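S.K.: Numbered per the UniProt record's numbering, the sequence shown spans residues 1 to 308.
Sharing a structure below in structure tokens format, with a few things to ask.
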Amino acid sequence: MRVVFAGTPEVAVPALDAIADSGHELVGVVTRPDAPAGRGRKLTPSPVAQRAAELGVPVLKPIHPRDLEFQDALRALEPDCCPVVAYGALIPRSALDIPVHGWVNLHFSVLPAWRGAAPVQHSIWAGDEYTGATTFRIVEALDAGPTFGVMTERIRPTDTAGDLLGRLAEGGAGLLVATLDGIADGSLEAREQPTDGLSLAPKISVDDARVDWKEPAVGVDRRIRACTPGPGAWTTLDGERVKLGRVEIVADGPDLVPGAIQVGKNEVLVGTVTQPVRLTDVKAFGKKQMGAADWARGVRLPETASFE
């Protein structure tokens, strides 16, 4: 088939590469416009745009896919199907109708669970044992289209959202190509999603990523892993924001009140409602990320120090 791939962040690049290496004809790429990045806030092409340029594939960067100029350009490419991974904009009906086989999205959950912008983060936060990826035909309702294929992936006890998303991006790339193969040869038929098991996964905000030390240790651990690497879990110390890396639950640790910090020779423990947790990495405002013990020695915490 002639395909036009739509995607924007780094997580979409494995699927772009897999399609480029497949038997399908990659005739174009759609991505979000260049955006400010880095300290200088210089306009920078998306990771997908950069990879498409390396592949020598034409790139379309509409401000919005409803733009008529974009739709004319897409129509001129005569795509049979538009595979999508994390494009970042809603596709209007007028654009959905251009390819013969529609737009096929790779979504990082087992639908209908975790429809929305942050399925991987919410699956970790909820304590799910398994998640996966699903391919489905895009309709105007959020992640509600009929599905083609699915893969599953176990969530490991130490997985951050970044860890898990990386594995799903690699495995999902193969699933997306297999879906395109099945559509092309007529062996795959989209099936409506079940009505039970539906859950939503809205984008996680910076406020959501603030650690609540009055939660059980398992809740603190899940929140931090779900928010790593973005938006980044954080707390405050004396009114200053401190970013936190992964924590380890200490089964037989000391009895600490929620938020209380105990500094040992080579470790830093923080109290929760249940067991304390051991910090791994800490990044104070304006400082580099460092090991928790090094951070504690640098700030010279008093014995009564506590995260807020």
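From the three backbone atoms N, C-alpha and C, an ideal C-beta is built for every residue, glycine too.
Being a predicted model, the structure only gives us computed values, none of them experimental.
(1) For GLN289 and ASP281, which I take to be in contact (beta-carbon distance under 8 Å), what is that distance rounded to the nearest angstrom?
(2) With distances taken between CB atoms, is the gap from ARG246 to THR228 smaller than 8 Å?
(3) Determine the direct distance from the alpha carbon of GLY239 to that of PHE284, and round the result to whole angstroms.
(4) Give every residue of the same chain whose Cβ lies closer than 6 Å to the Cβ of ALA217, excluding the five residues on either side of it in the sequence, and list them in chain order.
(5) Taking the alpha carbon of THR131 as the reference point, which residue from ALA141, ALA118 and ARG137 has its own alpha carbon closest?
(6) In chain order, what residues of the same chain have a beta carbon less than 8 Å from the beta carbon of LEU77, not counting five sequence neighbours either side?
(7) My assumption, with CB atoms under 8 Å, is that GLU140 sits in contact with ARG93. Please give the rounded CB distance.
(8) Assess contact between the stretch 120-129 and the stretch 87-106, defined as three or more Cβ pairs (one per stretch) separated by less than 8 Å. Is contact present?
(9) Tell me which same chain residues have a C-beta within less than 7 Å of the C-beta of PRO47, skipping the five on either side of it?
(10) How would you call HIS24, buried or exposed, if buried means at least 16 neighbouring beta carbons within 10 angstroms?
(11) GLU153 bridges to which residues according to DSSP?
(12) Nearest CA to the CA of VAL263: which residue from LYS42, PRO33, ALA305 and LYS287?
(13) On a Cα-Cα basis, can you pick out the residue from ARG51, GLY116, ALA113 and ASP159 that is closest to ILE19?
(14) Tell me whether PHE70 sits in a helix, a strand or coil according to DSSP, three-state version.
(15) Would you say THR195 and GLU308 are within 8 Å of each other, going by their C-beta atoms?
(16) Considering only C-alpha positions, which residue in the set CYS82, PRO33, ASP163 and LYS265 is nearest to ALA226?
(17) Give the DSSP bridge partners of ASN105, in chain order.
(18) Which residue wins for smallest C-alpha separation from LEU301, given the options LYS265, ILE261 and LEU55?
M.R.: Considering the structure as presented:
(1) Here residue 289 refers to the residue found at position 289 of the sequence shown. Here residue 281 refers to the residue found at position 281 of the sequence shown. Confirmed, Cβ separation roughly 5 Å.
(2) For the purposes of this step, residue 246 is taken as residue 246 along the sequence shown, with counting starting at 1. For the purposes of this step, residue 228 is taken as residue 228 along the sequence shown, with counting starting at 1. Taking 8 Å as the Cβ cut-off, ARG246 and THR228 qualify as a contacting pair.
(3) Position 284 of the sequence shown, counted from the start, is the residue given in the question as residue 284. Position 239 of the sequence shown, counted from the start, is the residue given in the question as residue 239. The residue you asked about is not Phe; residue 284 is Ala in the sequence shown. Going from the Cα of ALA284 to the Cα of GLY239 covers about 12 Å.
(4) Looking up residue 217 in the sequence shown gives position 217. Taken in chain order, the residues that qualify are ILE249, THR272, THR274, GLN275 and VAL277.
(5) Sequence index remark: in the sequence shown, residue 131 carries index 131 (1-based). Minimum Cα distance to THR131 is reached at ALA118.
(6) In the sequence shown, the residue the question calls residue 77 occupies position 77. Closer than 8 Å at Cβ, skipping near neighbours: ARG2, VAL4, VAL27, GLY28 and PRO58.
(7) Position 140 of the sequence shown, counted from the start, is the residue given in the question as residue 140. Position 93 of the sequence shown, counted from the start, is the residue given in the question as residue 93. Indeed, because the Cβ distance is near 6 Å, the residues count as touching under 8 Å.
(8) no
(9) In the sequence shown, counting from the first residue as 1, residue 47 sits at position 47. Once the five neighbours on either side are set aside, the close Cβ partners of PRO47 are PRO9, GLU10 and VAL13.
(10) The count along the sequence shown starts at 1 and reaches residue 24 at position 24. HIS24 comes out buried.
(11) As a working note, residue 153 is residue 153 in the sequence shown. THR131, per the DSSP bridge assignment.
(12) Here residue 263 refers to the residue found at position 263 when the sequence shown is read from its first residue. Checked all of LYS42, PRO33, ALA305 and LYS287; the closest Cα to VAL263 is ALA305.
(13) Sequence index remark: in the sequence shown, residue 19 carries index 19 (1-based). Checked all of ARG51, GLY116, ALA113 and ASP159; the closest Cα to ILE19 is ARG51.
(14) Along the sequence shown, read from residue 1 onward, the residue named residue 70 stands at position 70. In this structure, PHE70 counts as helix in the three-state DSSP scheme.
(15) Within the sequence shown, residue 195 is the residue found at index 195, counting from 1. Within the sequence shown, residue 308 is the residue found at index 308, counting from 1. Not in contact: THR195 and GLU308 (Cβ atoms no closer than 8 Å).
(16) Counting from one through the sequence shown, the residue named residue 226 turns up at place 226. When each option's Cα is compared against that of ALA226, the closest is ASP163.
(17) As a first step, residue 105 must be located in the sequence shown, where it is residue number 105. Looking at the DSSP assignment, ASN105 forms a beta bridge with VAL84 and PHE136.
(18) For the purposes of this step, residue 301 is identified with residue 301 of the sequence shown, where counting begins at 1. It is ILE261 whose Cα lies nearest to the Cα of LEU301.
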